[in-house]
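Q:
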Amino acid sequence: MEMNRQDPLSLLDLATQSLLSDEDSAVRALEELPVGLFPVLSTAAFDGGHIKTVTAMVQAWPFHCLHLGSLRDQSITQDLLEAVIDGLEQVSTNTACPRKSKLKVLDFTHDFEHSNWEECSETSPAPFVITHTLEETEQPTISSREQCQWDREPVEIHADLFLGGLFGFFHLSGFPSYILQRVEKSHGCLRLHCRTLVINQVPFRSLVEILGVLELEAIREVRLHHRSGFCFESDLIQFFAQLGQMSNLGNLIMSDIPWDFPADTFSLLSPLGHLQKLHLIFGYLSGQLSKMLGGLKKPLETLVMNGCRLTENDITYLAQSIHATRLKELVLCSNNLSQMVPGPLEVLLGEVSGTLEHLNLRSCRLKEAQLQALLPALCRCSRLRSLVFYDNVISTSGIMNVLQHLAKLKNLKRVQYPVPAECVVYLDEYRWENLNRVELARVHTKLQEMLRALQRTDMELTNSTSMV
């Protein structure tokens with residue numbers, strides 16, 4: 001009869017447990033502990049909640065980086081995480097273990113990779129979720145960028161930050177607020193590097209305070225979601241001034257911003273030299289695109305303008321701007337472009353034809369004749385890889401005409417087309433009902449047969465019903 005047995009502990013595991021049973025002995029042993037045993041001992045120390053040993057190990061850590069991502073999915077107390085920060089700050093005054101720490105980076109990012117233990121330890125995710133601002137303190141605030149008072153280089157703390165509103169639903173622990181305060185009070189000895197910054201419903205005044213603790217030049221991506229109908233313009237200007245200091249920012253997303261956004265503040269982004277992707281998803285952009293993009297000195301590669309109420313002047317400006325010569329992805333969905341053909345939209349597609357790879361014209365109120373007028377410009381987009389034009393009112397013959405012309409584009413592999421007018425009852429340009437799925441399936445088969453005849457079986461076809 002078979003019995004369920006747990007695997008016996010290895011000699012290394014038994015030795016580790018024995019060492020940790022007396023923390024004072026474990027701390028003293030760190031001076032002579034072989035480098036290769038530090039990861040094993042540190043894992044056991046965290047698992048067992050040995051706070052004193054954790055602090056001492058940080059002070060004697062023999063590697064460049066300590067990655068604590070795997071701690072998120074375990075029952076790690078705030079005491080343990082505080083012990084790590086204590087170890088960072090006490091590393092230069094450690095007398096229990098004279099072994100000099102090589103630690104330069106404490107990493108909490110979600111996709112950290114390493115090649116060997118000379119670089120780091122664990123590799124699992126542990127992003128911070130912040131739901132409140134720093135607590136008020138009576139001591140004067142000292143910038144983290146002031147001269148560090150340690151006798152060694154500052155230690156970097158790497159983390160992807162998700163900033164929730166004051167009444168957000170994410171409440172992992174008090175550690176995020178705690179670590180921000182420790183960084184702020186460290187006089188530059190601890191520096192918080194955030195690569196991805198997600199901001200959801202955070203008042204701008206609080207956001208400005210938090211950004212003051214971060215190393216702004218380390219931020220690569222910002223996602224701003226803000227529905228509040230009220231904010232002080234002075235706070236907004238200060239936030240954009242900080243945004244402009246993010247010299248390595250490559251991706252900026254701004255969505256759901258219903259208040260009358262002062263586009264002039266975008267001039268504060270002119271120092272950005274690495275911005276490649278800009279997503280604008282709000283209605284108050286209308287007629288102000290030149291103000292928003294005019295300050296950028298380098299062309300964008302991705303521009304998303306979803307539901308921005310674009311005007312003819314906006315499209316005309318974009319066609320004449322430096323961005324038109326470099327755009328690889330252009331998303332114009334949920335804008336009424338029906339009055340821009342013939343005219344600015346054709347010109348714009350002609351200007352981006354040399355680089356464009358992805359084009360999204362979903363829900364742009366384009367009719368059959370307008371799409372027909374755009375075909376010459378579209379056919380010049382030799383690098384086009386995907387096209388989306390569903391939720392525009394077009395007949396089966398109109399869709400076939402578009403595909404027949406675009407089949408010449410050998411790089412075009414994905415097309416999302418609208419439900420043909422014969423298959424539904426359109427209530428307006430965006431809404432339809434009474435879908436005839438049998439007829440739609442027949443049309444889809446017909447389109448695929450046409451592509452086979454054109455030797456384009458490599459082109460993937462989908463329609464808007466696939467998105468539901």
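Under my numbering, think of the first position of the sequence shown as 1, with each following residue one higher.
Think of the CB as a built atom: it goes at the ideal place given N, C-alpha and C, for glycine as much as any other residue.
If you're wondering where the values come from, they're calculated on a predicted model, not measured in any experiment.
1. Answer with buried or exposed for residue 344, where buried requires no fewer than 16 other C-beta atoms within 10 angstroms of its C-beta.
2. Taking 8 Å as the threshold, find out whether the stretch 345-352 comes into contact with the stretch 397-408 through three or more Cβ pairs.
3. For residue 139, count neighbouring Cβ atoms within 10 angstroms of its own Cβ and tell me buried if that reaches 16, exposed if not.
4. On a Cα-Cα basis, can you pick out the residue from 201, 183 and 391 that is closest to residue 164?
5. Enumerated in chain order, which unbroken segments of the alpha helix (DSSP H) with a length of 4 residues or greater are wholly contained in the stretch 234-313?
6. Can you tell me whether residue 64 is helix, strand or coil according to DSSP?
7. Taking the C-alpha atoms as reference points, what is the distance between residue 125 and residue 50?
8. Nearest-angstrom Cα distance between residue 54 and residue 255?
9. Please name the residue in 189, 233, 238 and 220 whose C-alpha comes closest to that of residue 210.
10. Would you say residue 372 and residue 338 are within 9 Å of each other, going by their C-beta atoms?
11. The alpha helix (DSSP H) with residue 40 in it runs from where to where?
12. In whole angstroms, what is the alpha-carbon distance linking residue 81 and residue 180?
13. Hey, residue 366 and residue 378: beta-carbon distance below 9 Å or not?
14. Where do the ends of the beta strand (DSSP E) carrying residue 162 lie?
15. Look at the Cβ atom of residue 104, then the Cβ atom of residue 65, and state whether they are nearer than 9 Å.
16. Which residues does DSSP list as the beta-bridge partners of residue 436?
17. Which word fits residue 470, buried or exposed, when buried means at least 16 other C-beta atoms lie within 10 angstroms of its C-beta?
18. Note down, in chain order, each residue of its chain lying with its Cβ closer than 6 Å to the Cβ of residue 336, except the 5 sequence neighbours on either side.
19. Let me check one thing: in DSSP terms, what residues is residue 226 bridge-paired to?
20. Using CA coordinates, which residue listed in 269, 234 and 265 is at the minimum distance from residue 249?
21. For the alpha helix (DSSP H) that contains residue 205, what are its first and last residues?
22. Go through its chain and collect everything with a Cβ distance to residue 197's Cβ below 6 Å, but skip five positions before and after it.
23. Residues in its own chain within less than 7 Å of residue 264 by CB, not counting five upstream and five downstream?
24. With the cut-off set at 9 Å, would you say residue 199 and residue 216 are in Cβ contact?
A: Put simply:
1. As a working mapping, residue 344 is identified with position 344 in the sequence shown. Buried, since its Cβ has 16 or more Cβ neighbours within 10 Å.
2. By the Cβ rule, the stretch 345-352 does not count as touching the stretch 397-408, because fewer than three pairs are nearer than 8 Å.
3. Along the sequence shown, read from residue 1 onward, the residue named residue 139 stands at position 139. At residue 139 the pLDDT is 38, less than 50, meaning the model places this residue with poor confidence; the figure from the coordinates comes in the next sentence. Residue environment analysis places residue 139 among the exposed positions, since fewer than 16 neighbouring C-beta atoms fall within 10 angstroms of its C-beta.
4. For the purposes of this step, residue 164 is identified with residue 164 of the sequence shown, where counting begins at 1. The residue with the shortest Cα to Cα distance from residue 164 is 201.
5. Segments of the alpha helix (DSSP H) lying fully in the stretch 234-313: 289-293.
6. On the sequence shown, position 64 is the one that residue 64 refers to. In the displayed model, residue 64 falls within coil according to three-state DSSP, outside both helix and strand.
7. Reading the sequence shown from its first residue, position 125 is the one you call residue 125. Reading the sequence shown from its first residue, position 50 is the one you call residue 50. Confidence at residue 125 is low in this model, with a pLDDT of 35, below 50, so its placement is unreliable and the value that follows should be read with caution. For residue 125 and residue 50, the distance between alpha carbons rounds to 22 Å.
8. As a working mapping, residue 54 is identified with position 54 in the sequence shown. As a working mapping, residue 255 is identified with position 255 in the sequence shown. Using only the alpha carbons, I get a separation of about 42 Å.
9. As a position in the sequence shown, residue 210 is number 210, starting the count at 1. Among 189, 233, 238 and 220, the Cα nearest to that of residue 210 is on 238.
10. As a position in the sequence shown, residue 372 is number 372, starting the count at 1. As a position in the sequence shown, residue 338 is number 338, starting the count at 1. In this structure, residue 338 does not lie closer than 9 Å to residue 372 by Cβ.
11. Start at 1 with the first residue of the sequence shown, and residue 40 comes out as number 40. Start and end: 38-48.
12. Indexing the sequence shown from 1 puts residue 81 at position 81. Indexing the sequence shown from 1 puts residue 180 at position 180. Cα-Cα distance, rounded: 13 Å.
13. What you label residue 366 is simply residue 366 of the sequence shown in a count that begins at 1. What you label residue 378 is simply residue 378 of the sequence shown in a count that begins at 1. Cβ distance not < 9 Å, so residue 366 and residue 378 don't count as in contact.
14. As a first step, residue 162 must be located in the sequence shown, where it is residue number 162. 161-163 is the extent of the beta strand (DSSP E) around residue 162.
15. Within the sequence shown, residue 104 is the residue found at index 104, counting from 1. Within the sequence shown, residue 65 is the residue found at index 65, counting from 1. Against a cut-off of 9 Å, the Cβ pair of residue 65 and residue 104 comes out as a contact.
16. The sequence position of residue 436 within the sequence shown is 436, counting from 1. Paired residues: none, contrary to the question.
17. It is not possible to answer for residue 470, since the shown part of the chain is limited to 1 through 468.
18. One-based indexing of the sequence shown puts residue 336 at position 336. So the list reads 365, once near-sequence residues are dropped.
19. The count along the sequence shown starts at 1 and reaches residue 226 at position 226. None; residue 226 has no bridge partner.
20. In the sequence shown, residue 249 corresponds to position 249, counting from 1. Looking only at 269, 234 and 265, the smallest Cα-Cα distance to residue 249 is reached by 269.
21. Counting from one through the sequence shown, the residue named residue 205 turns up at place 205. Element bounds for residue 205: 204-211.
22. On the sequence shown, residue 197 is found 197 positions in, with the first residue counted as 1. Counting only Cβ-Cβ distances below 6 Å, and skipping sequence neighbours, we find 161, 219 and 222.
23. Numbered from 1 along the sequence shown, position 264 holds the residue referred to as residue 264. Excluding sequence neighbours, residue 264 sits near 291.
24. Position 199 of the sequence shown, counting from 1, holds the residue named residue 199. Position 216 of the sequence shown, counting from 1, holds the residue named residue 216. No.
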